[in-house]
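Every letter in the sequence shown is one number past the one before it in the UniProt record's numbering, and letter 86, counting from 1, is 86. Working notes for the structure below.
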Amino acid sequence: MDTHRNLKGIGALGDYESVLPFQAIGLDAVVVSPDADDEEVRSAVHRFRTGGFAILFVTERVYMSHRDFLDEINDTEDLTVVPIPGIGGSMGLGMQSVRKCVERAVGMDIFAVQ
C-alpha cells in the first residue's frame, strides 16, 4: 500500500436513515438498501476507492452481507472500512473491528478482560 497518497476524506455507505446524518455534516454518502447485491456494493466501494477516500463507514447490516469483500478491501487497500451501527442499533461489529485492528498493530488484544 502506498501510504503517501493524497487521501481526502471520509465516506459513508448504508441505508438512507443511517447515512443521512453523515451527509448533513458534509461527508460523501452512498445509499444502498440493507440487502444490496454484490454489484451495487462493489460499485459504491469502487467510487470511494478511486475518489481517494481514507475512511469508509459502512452500516453493520451491509457489512455483514458483504464481509469477505469489505475485509479484503481493508487488508489490501488504503481505504479503511469501519462498520458502524445502523439506525436500528448495534450488532457489536464496530468494536470487533477496532479490537482486530489494534491487535494487528500492537501484537496483542489489549481489550481482553483478565
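The C-beta atom is built at its ideal place from N, Cα and C for all residues, glycine as well.
Beta strand (DSSP E) runs wholly inside the stretch 30-94, at least 3 long, in chain order: 53-59 and 80-84
Selection from Tyr16, Glu77 and Met108 that minimises the alpha carbon distance to Val45: Locating residue 45 in the sequence shown gives position 45, counting from the first residue. Ranking the options by Cα distance to Val45, first place goes to Glu77.
Identified DSSP bridge partners for residue 116: The first residue shown for the chain is 1 and the last is 114, placing residue 116 beyond what the model contains.
Using C-beta distances below 8 Å, list every residue in its chain close to Ala54, excluding the 5 sequence neighbours before and after it, in chain order. Here residue 54 refers to the residue found at position 54 of the sequence shown. Hits under 8 Å: Leu7, Lys8, Gly9, Ile10, Asp78, Leu79 and Thr80.
Anticipated Cβ contact below 8 Å, Gly86 with Gly14, distance rounded: The count along the sequence shown starts at 1 and reaches residue 86 at position 86. The count along the sequence shown starts at 1 and reaches residue 14 at position 14. Contact flag correct, Cβ pair sits at about 6 Å.
With Arg47 and Val30 assumed to form a contact (beta carbons below 8 Å), what rounded beta-carbon distance in angstroms separates them? Walking along the sequence shown from the start, residue 47 turns up at place 47. Walking along the sequence shown from the start, residue 30 turns up at place 30. Yes, they are in contact, since the Cβ atoms of Arg47 and Val30 sit about 7 Å apart, within 8 Å.
So, is Thr59 buried or exposed, given that buried needs 16 or more other C-beta atoms within 10 angstroms? Taking the sequence shown and counting its residues from 1, one reaches residue 59 at position 59. Buried, since its Cβ has 16 or more Cβ neighbours within 10 Å.
What does the alpha-carbon distance come out to for the pair Asp68 and Pro83? Here residue 68 refers to the residue found at position 68 when the sequence shown is read from its first residue. Here residue 83 refers to the residue found at position 83 when the sequence shown is read from its first residue. Their Cα atoms are separated by approximately 13 Å.
Leaving out five residues before and five after Gln23 in sequence, what residues of the same chain have Cβ atoms less than 7 Å from its Cβ? Indexing the sequence shown from 1 puts residue 23 at position 23. The answer, listed in chain order, is Ala29.
Would you report the Cα separation of Ser43 and Ala36, rounded to the nearest angstrom? Against the sequence shown, residue 43 aligns to sequence position 43. Against the sequence shown, residue 36 aligns to sequence position 36. Near 11 Å, if we compare the C-alpha coordinates of Ala36 and Ser43.
Near Tyr63, which residues of its chain fall below 8 Å by C-beta distance, leaving aside the five closest residues on each side in sequence? In the sequence shown, counting from the first residue as 1, residue 63 sits at position 63. Result list for Tyr63: Leu70, Val81, Pro83 and Leu93, in chain order.
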